[in-house]
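Enquirer: Once you've had a glance at the structure underneath, I'll fire off some questions.
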Amino acid sequence: MSKKEKKKSPTNMGRKGLTAFSIILILLVVVAASTWFIPDVISAKLSDIIMAPVNGFVSAVDVCIFILILGGFLAIVKKTGALEAGIATLVRKLKGRELLLIPVLMFVFSVGGTTYGMLEETVGFYALLAATVVAMGYDTLVGAAMVLLGAGSGVLGSTINPFAVGAAVSALPDNIKADQSVILAVGVILWLTSYLISVFFVMRYAKKVKRDKGSTFLSLQERKEMEAEYINKKHTEDNVKLTKRQKVVLWLFALTFVVMIIGFIPWVDFGVISAEVADAGTHWSAILTGNCFGYFYFLDAATWFLIMAIIIGIVGDLGEEGIVDTFMKGVGEIATVVMIVAVARGIRVIMESTGLGDFVIGKAVTALEGTSPYVFAPLDFILHILLSILVPSSSGLATLSTPIVAPVADGINLNASVTIMILVAANGLVNLITPTCGSIMGGLALAKVEYRTWFKWGFKVVFTIGLVTMIILTAAMVILS
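If you want my numbering, it's the 1-based position in the sequence shown plus 2.
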């Protein structure tokens, strides 16, 4: 095996993968061990801890399959040479205006976040944006931040996101009605505020890195990997041109992600597609997977990416053997990311099986009874920050928390709809930095950024967003109650 091949071996992702596994496994053991000292929950057995990563894989199997096929898809696109040539062309056309790409792409990601909770779906963009920004003179941390903070700011300020707002509204007790105008108004304010804060920090860091390479937050090991993966491979010639075949590949590449995004947007909830047609699978878009647009989930997206990988391989003239070999190599290289996602999901499995989540919420909410809106809002926000570390899933947390918190707020004449946005914002904030979120750990691994590097750089950004968010939510609770 050559030195170059050894570096790209899936078993040699080394310290980055090991670091992610270590952090998640420690958290898993801590969560499980805490159940041994709480009499009101089911104590986790040793077998529960041992089986948690495997059960996490079962729980996250749809996401894992999507990521594996995504790895094969990206490998085929790279093999055609279209991606590198396309990035070189983009860099040449944006010469002197590269910084504009940051707010534009971050806004696009944020729109996906606020409308349908686009977060796990962004995993495929990490490697692509890392390659693009490195070619522009930045580092891989800039690319990761664009994806994570862009989509994450939208999720934090969810407006019509069915997996956060929708799940919380549906979990309200029958005697409490949600005020959609309040949810929409508060969501827009949170979304745009967190987006602007994120763009400020990312652009400031990007300018600093381009001006002085020594100002990067990347470790020496990360810089070496960045150079090996991107800098030593990038096209720097001014005369690099896309062939007709490569142009078609790039159009197909873009189409793949556009269709995936359209498939995830909940058109039924927006009234664009009727529920009857969607449930019957008679809409024209159901021809792909049997599920129409709006009913897509990760297995549907995986099927679509598999189809497009084959089509792109054919257009790229890779041949039957080249398509299969390249695809399988890509699957192998991304296997570590899949395991990170699976182990992270194991923590959620432990929380659900022991009843620890219900216990923590019940005890914490009791302390909120009888408090003023000035106290209730920030304490509720902090409570859901802590809960979100253990339950990163917005829909899962909404199902656990909303039926308990909303009646307490309503009982002391506080706005229950604001409590929904407190939950959504807290969960979105935590999912910008928590290691229990599989999409973060998987995305960072693809971008070749260690979690500790992201935490070191991102903590100040997340803290700033969190502080501003708490002030906005407290003001909303005071004004609207």
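No residue lacks a Cβ here, since even glycine has one placed at the ideal position from N, Cα and C. All values reported here derive from a predicted model rather than from experimental measurement.
1. Which value, in whole angstroms, describes the spacing of the CA atoms of residue 472 and residue 386?
2. Quick one: which unbroken alpha helix (DSSP H) runs of 4-plus residues sit fully inside the region 133-173? Chain order, please.
3. Between 409, 468, 438, which lies nearest to residue 563 when the distance is taken from Cα to Cα?
4. Between residue 333 and the rest of its own chain, which residues show a CB-CB distance below 7 Å, the 5 nearest in sequence each way excluded?
5. What are the boundary residues of the alpha helix (DSSP H) that includes residue 338?
6. Give me the residue from 81, 154, 148, 28 with the minimum Cα distance to residue 318.
7. The alpha helix (DSSP H) that contains residue 186, what's its start and end?
8. Take the Cβ of residue 298 as the centre, count every other Cβ of all protein chains shown within 10 Å, and call the residue buried at 16 or more, exposed below.
9. Residues in the same chain with beta-carbon distance under 8 Å from residue 205, minus the five sequence neighbours each way, listed in chain order, please.
10. How would you write the range of the alpha helix (DSSP H) that residue 66 sits in, first residue to last?
11. Under a three-way DSSP split, which group does residue 468 fall into?
12. Between residue 124 and residue 162, which are expected to be in contact by the criterion C-beta below 8 Å, what is the C-beta distance as a whole number of angstroms?
13. On the criterion of 16 or more Cβ atoms from any shown chain inside 10 Å, does residue 38 qualify as buried, or is it exposed?
14. With a 10 Å radius around its C-beta and 16 neighbouring C-beta atoms as the bar for buried, classify residue 157 as buried or exposed.
15. Restricting to Cα atoms, I'd like to know which of 393, 91, 441 is closest to residue 249.
16. Between residue 245 and residue 99, what straight-line distance do the alpha-carbon atoms span, to the nearest angstrom?
17. Any chance you could list the beta strand (DSSP E) runs of at least 3 consecutive residues sitting entirely within the region 254-338, in chain order?
18. Helix, strand or coil for residue 457, going by three-state DSSP, please let me know.
19. Cβ atoms of residue 300 and residue 50: under 9 Å apart, would you say?
20. Count the other CB atoms, across all protein chains shown, that sit within 10 Å of the CB of residue 426; report buried if there are 16 or more and exposed otherwise.
21. Could you check where the alpha helix (DSSP H) with residue 397 kicks off and where it finishes?
22. Hey, quick one: how far does the alpha helix (DSSP H) through residue 227 stretch, first residue to last?
23. Given this structure, state the Cα-to-Cα distance separating residue 111 from residue 153, to the nearest angstrom.
24. Going by C-alpha to C-alpha distance, which of 382, 119, 210, 192 sits closest to residue 368?
25. Do you know how far the Cα of residue 181 is from the Cα of residue 482?
26. Short check: CB of residue 416 to CB of residue 192, under 9 Å?
27. Is residue 465 near the ligand GDP, with its Cβ less than 8 Å from a heavy atom?
28. Quick one: is residue 362 near chain E, going by C-beta distance under 9 Å?
29. Can you list, in chain order, the residues of its chain whose CB lies under 6 Å from that of residue 33, leaving out five sequence neighbours each side?
30. At what residues does the alpha helix (DSSP H) containing residue 421 begin and finish?
31. Take residue 359 and list the residues in its own chain whose beta-carbon comes closer than 6 Å to its own, dropping the five residues that flank it on each side.
32. If you drop the 5 nearest sequence neighbours on each side, which residues of the same chain put their C-beta closer than 6 Å to that of residue 439?
33. Which value, in whole angstroms, describes the spacing of the CA atoms of residue 418 and residue 478?
34. Please check the pair residue 450 and residue 137, which I expect to be a contact at CB under 8 Å, by giving their CB distance rounded to whole angstroms.
35. Does the distance from the C-beta atom of residue 307 to that of residue 262 stay below 9 Å?
Expert: Reading from the atomic positions:
1. Using only the alpha carbons, I get a separation of about 12 Å.
2. Look at the region 133-173 and you find these whole runs of alpha helix (DSSP H), each 4 residues long or longer: 142-158, 169-172.
3. The structure shown does not extend to residue 563, since the chain spans only 3 to 483, so no value can be given for it.
4. 70, 73, 74
5. Note, residue 338: alpha helix (DSSP H), 337-356.
6. 81
7. 182-213
8. buried
9. 101, 104, 105
10. 63-81
11. helix
12. At roughly 18 Å, the Cβ-Cβ gap does not stay under 8 Å, so residue 124 and residue 162 are not in contact.
13. Looking at its Cβ environment, which holds fewer than 16 other Cβ atoms inside 10 Å, residue 38 is exposed.
14. buried
15. The candidate whose alpha carbon is nearest that of residue 249 is 91.
16. The alpha-carbon atoms of residue 245 and residue 99 are separated by roughly 25 Å.
17. none
18. If DSSP states are grouped into helix, strand and coil, residue 457 belongs with the helices.
19. no
20. By the neighbour-count rule (16 or more Cβ atoms within 10 Å), residue 426 is buried.
21. 396-413
22. Element bounds for residue 227: 222-228.
23. 4 Å
24. 382
25. 11 Å
26. no
27. With respect to small molecules bound, the structure shown includes none, and the ligand GDP cannot be examined in it.
28. Among the chains in the structure shown there is no chain E, since it carries only a single protein chain.
29. 349, 352
30. 418-432
31. 353, 393, 402
32. Close CB contacts of residue 439 within its chain, under the 6 Å cut and outside five residues either way in sequence, are with 394, 433 (chain order).
33. 11 Å
34. Not confirmed; about 14 Å, so no contact.
35. yes
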